[in-house]
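Since the structure comes first, as structure tokens, the remarks are kept for the end.
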Amino acid sequence: MSVDRTSIERMFDLDETGLIEEIARLERVKSAAAAGQARVTAVLADRRRSAEAAAGVPRVKQCRGLAGEVGLARRDSPARGGRHLGFATALVFEMPHTLAALECGALSEWRATLIVRESACLSVEDRRTLDAEMCADVSGLEGKGDRRVTADAKAIAYRLDPQAVVDRAAKAEAERTVTIRPAPDTMAYVSILLPVAKGVGVYAALKRAADTTFDSRSRGQVMADTAFERITGQSAEVADPVAVEMVITDETLLGGDDTAAVVSGYGPIPASVARGLVDRAVTDERSRATLRRLYRHPKSGQLVAMESRSRFFPKGLAKFIELRDQTCRTPYCDAPIRHRDHAQPHHRGGATSAENGLGECERCNYAKESPGWEVSAGTDETGLHAAEFVTPTGHHYRSTAPPLPGPIVIQVSDVEVRIGIALAEYEAA
Ligand SMILES: [Zn+2]
824 MSVDRTSIER MFDLDETGLI EEIARLERVK SAAAAGQARV TAVLADRRRS AEAAAGVPRV
884 KQCRGLAGEV GLARRDSPAR GGRHLGFATA LVFEMPHTLA ALECGALSEW RATLIVRESA
944 CLSVEDRRTL DAEMCADVSG LEGKGDRRVT ADAKAIAYRL DPQAVVDRAA KAEAERTVTI
1004 RPAPDTMAYV SILLPVAKGV GVYAALKRAA DTTFDSRSRG QVMADTAFER ITGQSAEVAD
1064 PVAVEMVITD ETLLGGDDTA AVVSGYGPIP ASVARGLVDR AVTDERSRAT LRRLYRHPKS
1124 GQLVAMESRS RFFPKGLAKF IELRDQTCRT PYCDAPIRHR DHAQPHHRGG ATSAENGLGE
1184 CERCNYAKES PGWEVSAGTD ETGLHAAEFV TPTGHHYRST APPLPGPIVI QVSDVEVRIG
1244 IALAEYEAA
């Protein structure tokens, strides 16, 4: 982004007091803009719902793709779009004081979200009471951080309707899950979302292991190793991940260059780490590795196409789309791929092909089936595989598949064939 000289110069005219005031003023502008966005979003939701109700769409199916539309308009994932939508509707129609506090800058968008979230289990009437108690007098919000705001809202909700809070806890339990995301320096965070008692139990068990282990490792290292060993059943010292799949250039694999490899579901890892993983998979008898050749487009660097006529995506094609797309292809959605499906649906003549195939998360796959959505996909003149999403309001959004790391690319996974055979075939080619 280019620096706007004039506005920078204007900042230089301010003294430090003035600069602090400018920071505070811009923060108020952000809050006011968030309040404005909430109003517009709530009006849109209301209008869509009425129109669909008038057209006879059943209530549960109304506003089905709207979360995705809000997400796209805000350059956010559909999951966040859904949260923005719920937040806006609650704030505008049920929580006028919180909305006003956001509008005047007494609350940031995030703190307003926390209040809405804590009140979500309440009846509309109780929610209005909480809204007034928390935000009718904005001086009460002065100096309160995220935790205080959450704790205050939680306390009021519990006082108003203890049963609702308990029921909500039971519902939250159903959302327990495990997720992974990359951390800096080729590390990864693996998070387990558990009910509090079980979460504390996991932590206590690991802590106990640290308390009773005396070697050169730190407590943190012992806890991390113990978690790995108990979950995978393998020793932390020797084991590699059970089934790593990665994409690596031929040059990198053979040591000729150091282009990063890409591990599915994780992202880029340094060449030396990738080579180490392959070496160990080849030499370690307990592990097997296979190679499969993949070719990239000379201009765009993406995986090239495959064709098939069957209705369901064949296994090879599904794998191909997964490798090409890496994450859900909806713009701004980074969710893992769950469905490999037709961009243009099969019942409307869409081909079962890599061209017309898209990797998508569950939510996005259902959203694009909603009325008014049009999705198309294909390779453009530069060789990029592009998907175009047209929403019911006629807005266009585009996403392209990410490039592969090198001219000839090899996918490595640890099943089926031995690595030596595939490598020889590759070298002969
Ligand atoms: Zn998605």
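Under this note's numbering, the first residue of the sequence shown is numbered 824, with each subsequent residue one higher. We treat Cβ as the ideally placed atom computed from N, Cα and C, and that holds for glycine.
Our two residues, Gln-1167 and Gly-1078, have alpha carbons roughly 42 Å apart in a direct line. The C-alpha of Cys-958 is placed about 21 Å away from the C-alpha of Arg-848.
A straight line joining the alpha-carbon of Asp-949 with that of Thr-936 spans about 17 Å.
Proximity of the beta carbon of Thr-1153 to ligand 1 is indicated: a heavy atom of the ligand is located closer than 6 Å. For the pair Gly-894 and Gly-904, the CB atoms are nearer than the 7 Å cut-off.
Apart from the 5 residues on each side of it in sequence, Asp-899 sits with its Cβ closer than 6 Å to the Cβ of Tyr-1155 in its chain, given in chain order.
Under the 10 Å beta carbon count, Cys-1187 is surrounded by 16 or more other beta carbons and is classified as buried. Scanning its chain for C-beta atoms nearer than 6 Å, with the 5 sequence neighbours on each side dropped, one finds around Thr-1049 the residues Leu-1029, Ala-1032, in chain order. A distance below 7 Å separates the beta carbons of Ala-1190 and Gly-891.
For the pair Val-939 and Ala-913, the CB atoms are nearer than the 7 Å cut-off. The alpha-carbon separation between Lys-1122 and Gly-1201 amounts to approximately 15 Å. In the three-state DSSP reduction, Arg-1163 falls in the strand class (E or B).
One Cα belongs to Gly-963, the other to Leu-945, and the distance between them is close to 22 Å. In the three-state scheme derived from DSSP, where H, G and I count as helix and E and B as strand, Ala-997 is classed as coil.
For Gly-1201, no alpha helix (DSSP H) segment is defined; the enclosing uninterrupted segment is the beta strand (DSSP E) at 1197-1202.
For Phe-1212, the enclosing beta strand (DSSP E) stretches over residues 1208-1213. Straight-line spacing of the CA atoms in Val-1198 and Pro-1093 works out to 35 Å.
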